[in-house]
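Student: Heads up: the sequence lines are chains F and U, in that order.
Under my numbering, think of the first position of the first sequence as 1369, with each following residue one higher.
Under my numbering, think of the first position of the second sequence as 5, with each following residue one higher.
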Amino acid sequence: MSFAPAPQPNRRLKRLAQSVWQHRMLYLMLLPGLAYFIIFRYWPLWNAQIAFRDFQPTLGVWGSPWVGFQHFQEFFGSYYFSQLLVNTLVISLGKIVLGIPPAILLAVALHETSRRFLSRIVQTLSYLPHFLSWVIVYGILLAMLSPSEGLINAGLRAIGLEPVPFLTSTATFQPVVVLSEVWKETGWSAILFLAALLSINPALYEAAAIDGASRWQQIRHISLPGMMDVLVLVVLLKLGSILDAGFHQIFVLYSLPVYSVGDIIDTWVYRQGIQNFQFSLATAVGLFKGLIGLVLIVVANRLARRFVGTGLY
Amino acid sequence: MKKAMSRGDRLFEWTIDAFLVAVLVVTLIPMWYVVMVSLLPFGKSPSLFIPPWEWSFEAYAQLVFQPTIWRAALNSIVLTFGGVAISLTLTVMAAYPLSRRGLPGRNFIVGLILFTFLFNAGLIPTFLVVKDLGLLNTYWSILLNGAVSVYNLLVMKTFFQSLPESLEEAARIDGANDWQVLWHVVLPLSRPILLTIGLFYGVANWNNFFEPILFLSDRSLMPLPVVLRDILTGLNVAEYVEGGAAQAAPAEALKMAAVVLITLPMLLVYPWIQRYFTKGVLIGSVKE
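1) What are the uninterrupted segments assigned as alpha helix (DSSP H) that are 4 or more residues long and contained completely in the segment 148-218 of chain U, given in chain order?
2) Between the C-alpha atoms of F/Asp1579 and F/Val1602, what's the straight-line distance to the nearest angstrom?
3) Under 7 Å, CB to CB, which of the residues in the segment 1569-1588 of chain F have a partner in chain U?
4) With distance defined between alpha-carbon atoms, name the residue in F/Ser1648, F/Asn1644, F/Trp1502, F/Leu1399 nearest to F/Gly1436.
5) Is it right to say U/Leu78 is buried, meaning 16 or more other beta carbons lie within 10 angstroms of its own, or is it exposed?
6) Closest by CA to U/Trp57, which one among U/Val133, U/Phe69, U/Ser49, U/Leu44?
7) Flag this pair as yes or no: are the beta carbons of U/Ser91 and U/Tyr205 separated by less than 9 Å?
8) Which whole runs of the alpha helix (DSSP H) in the segment 1429-1508 of chain F are 4 residues long or more, in chain order?
9) For U/Trp18, is the classification buried or exposed, using 16 other Cβ atoms within 10 angstroms of its Cβ as the cut-off for buried?
10) Could you check which residue in F/Leu1453, F/Gly1679, F/Ile1610, F/Phe1541 has the C-alpha nearest to that of F/Ser1623?
11) How about F/Arg1670: is its C-beta nearer than 9 Å to some C-beta of chain U?
12) According to the Cβ coordinates, are U/Val159 and U/Ile201 closer than 9 Å?
13) From F/Asp1634, F/Val1653, F/Leu1671, pick the residue whose C-alpha is nearest to that of F/Ile1418; which is it?
14) For a cutoff of 9 Å on Cβ pairs, would you count F/Ser1487 as touching chain U?
15) Using the three-state DSSP reduction, which class does F/Arg1525 fall into: helix, strand or coil?
16) Assign U/Leu186 to one of two classes, buried (16 or more other C-beta atoms within 10 Å of its C-beta) or exposed (fewer than that).
17) What does F/Arg1421 pair with, by DSSP beta-bridge criteria?
18) For U/Lys48, count the other beta carbons within 10 Å of its own beta carbon; 16 or more makes it buried, fewer makes it exposed. Which is it?
19) From U/Tyr280, U/Phe123, U/Leu225, pick the residue whose C-alpha is nearest to that of F/Val1666; which is it?
20) Residues of chain F with CB under 8 Å from U/Arg233, in chain order?
21) Comparing C-alpha positions only, which one of U/Ser221, U/Thr120, U/Glu256, U/Gln165 sits nearest to U/Ile146?
22) I need the straight-line Cα distance from F/Val1676 to U/Asp21, nearest angstrom please.
23) Note down the Cα distance separating F/Ala1581 from F/Glu1480, rounded to an integer number of angstroms.
24) If we ignore side chains and look at the alpha-carbon of each, how far apart do F/Ile1406 and F/Phe1420 end up?
25) Assess, as a yes-or-no matter, whether the segment 214-230 of chain U is touched by the segment 129-147 of chain U under the definition of 3 or more beta carbon pairs within less than 8 Å.
26) Please list, in chain order, the chain U residues whose beta carbon lies closer than 7 Å to that of F/Tyr1448.
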């Protein structure tokens, strides 16, 4: 038992001040980055109060009159509230449900094939669309889907069917959004699963083979369980950002005839805010989305830590 | 060590390879078809295979001599490289201090940054900031607003933390200050991560079309993806074709030739991108 006195608060303060002074160069270095986050990420947070005001550009953020929850009430009470929410969720869930299985299949196939060359070339080419701008993919989709010269419509015509205006028909727009995302991202999403497969101890496969397990059985009992953690993590991450249904993609692909099925929260916020100058209403809707998104991602992270042992952030 | 395969195993291998070939076909056919349509001569309807002797390069000739395209290409180059320079500098200068364990307030600052990753104030409040700063219709709006990605910052910070501390201590004993340590010791060891993160930023900038549409109003400032979008939606195809009505190539050939031309630079650097991106994704996935 020693009788060393507890460090005095002011001595601790002094030591902290000393340490801060010692690191002054590092703080200086940090300054531009910090300024960036304060100006471009925290200042908008301050501006978000216009969700509760009736923003007039001439009066500014601080001078515009308070209106409380009026914009939120207007949004929740409107017909487009449910429409936007449904479109956002349907497109997001579609992308998760139809996007993950092909990525897993591709990873397994790349892992199992004994043809090195085929594996290399499939990897290289299937990652490629991930790096293309949605504008370029829009061009590719026009080539495939346009009613006049689209390849798929040429096929439909050849077997005696009517051409379908895929990009401008309410019946086909959502499938086009989901499937074009699957086309663009499957190869890229397979990387994480492939990495999980490569980290499985090869001895497991050898032991299974000696015990007489067929290749199918090896996939079921070794490969799939080996990808479980990554799968859970990917699904949770995607569920955590379920309100992001792909703003840039839909912004490029949609048009007036398909607003009823293609409009998601983000595209609506853009149109109301930037094109119709409904700054306050659009901010309220954006804030609503941001808050739900925050809750979802925090919950998803908790679950990931609980079930996989590692978080998303 | 090829072993004799059972019939089941052979069927298995067949199925796997057939699946991979199918993936290849589904990936390639749309791209191939775009190229074919871009070579379409007048009076022909587009098909999956146009024999080489019928190819028409008129659409390319039309586009290549359009000053609009070249100006947009120049704009894209400025935005891509200017953006990478600003982003990399800011990211390194923030990631390095935050990777030092002894820095007082480090966790607080990382938390502050992480929070902006989890909670987004939305499009309109950000737009108002850019507007209030007087950056609308200037490249600074795009270059600054998207300057630092939290994800890239955290990946870089994790990488810096993984470097052996002994090297830095040795430099410090020799009297180097923090800037010198960063410049002479840390950065030379960080070439792969700098390339990876630089490519992350570069590809994002090259493909960026939304921020130019959001922040710029002057048509002459627009980068390639925005111009391509205009061509594809047929807003002003006439602007890109000399003589307007007297077109030398079918409209669809013109559109697809534009797609090909604008994809080309990406294809040229793709081998590097692919190498460093895959590494980057894996670095990111094993963070902590």
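Every residue, glycine too, gets a C-beta built ideally from N, C-alpha and C.
Tutor: For this structure:
1) 154-166, 169-177, 195-211, all fully within the segment 148-218 of chain U.
2) Straight-line measurement puts the Cα of F/Val1602 at about 33 Å from the Cα of F/Asp1579.
3) Across the segment 1569-1588 of chain F, CB contacts with chain U closer than 7 Å involve Ser1582, Arg1583, Trp1584, in sequence order along the chain.
4) Among F/Ser1648, F/Asn1644, F/Trp1502, F/Leu1399, the Cα nearest to that of F/Gly1436 belongs to F/Ser1648.
5) Burial call: exposed.
6) Out of U/Val133, U/Phe69, U/Ser49, U/Leu44, U/Leu44 has the C-alpha closest to the C-alpha of U/Trp57.
7) A contact, by the Cβ cut-off of 9 Å.
8) Here the runs fully enclosed are 1438-1445, 1447-1480, 1484-1495.
9) Result: exposed.
10) Considering only alpha carbons, the answer is F/Phe1541.
11) It does not: the Cβ of F/Arg1670 has no partner Cβ on chain U nearer than 9 Å.
12) Against a cut-off of 9 Å, the Cβ pair of U/Ile201 and U/Val159 comes out as a contact.
13) Comparing C-alpha distances from F/Ile1418 to each of F/Asp1634, F/Val1653, F/Leu1671 shows the shortest one belongs to F/Val1653.
14) Taking Cβ atoms only, chain U reaches closer than 9 Å to F/Ser1487, which makes this a yes.
15) Of the three classes helix, strand and coil, the one that applies to F/Arg1525 here is helix, per DSSP.
16) Around the CB of U/Leu186, 16 or more other CB atoms lie within 10 Å, so the residue is classed as buried.
17) DSSP, once it has assigned bridges, lists F/Trp1434 as partnering F/Arg1421.
18) With fewer than 16 Cβ atoms within 10 Å of its Cβ, U/Lys48 is classed as exposed.
19) Among U/Tyr280, U/Phe123, U/Leu225, the Cα nearest to that of F/Val1666 is on U/Phe123.
20) Neighbourhood of U/Arg233 in chain F, by CB distance below 8 Å: Val1503, Tyr1506, Val1620, in chain order.
21) Among U/Ser221, U/Thr120, U/Glu256, U/Gln165, the Cα nearest to that of U/Ile146 belongs to U/Ser221.
22) Taking the straight line joining both Cα atoms gives about 32 Å.
23) If you take the alpha carbons of F/Ala1581 and F/Glu1480, they lie about 15 Å apart.
24) The alpha-carbon atoms of F/Ile1406 and F/Phe1420 are separated by roughly 22 Å.
25) With a cut-off of 8 Å, the segment 214-230 of chain U and the segment 129-147 of chain U count as touching, because enough Cβ pairs lie within range.
26) Chain U residues near F/Tyr1448: none, gap ~17 Å exceeds 7 Å.
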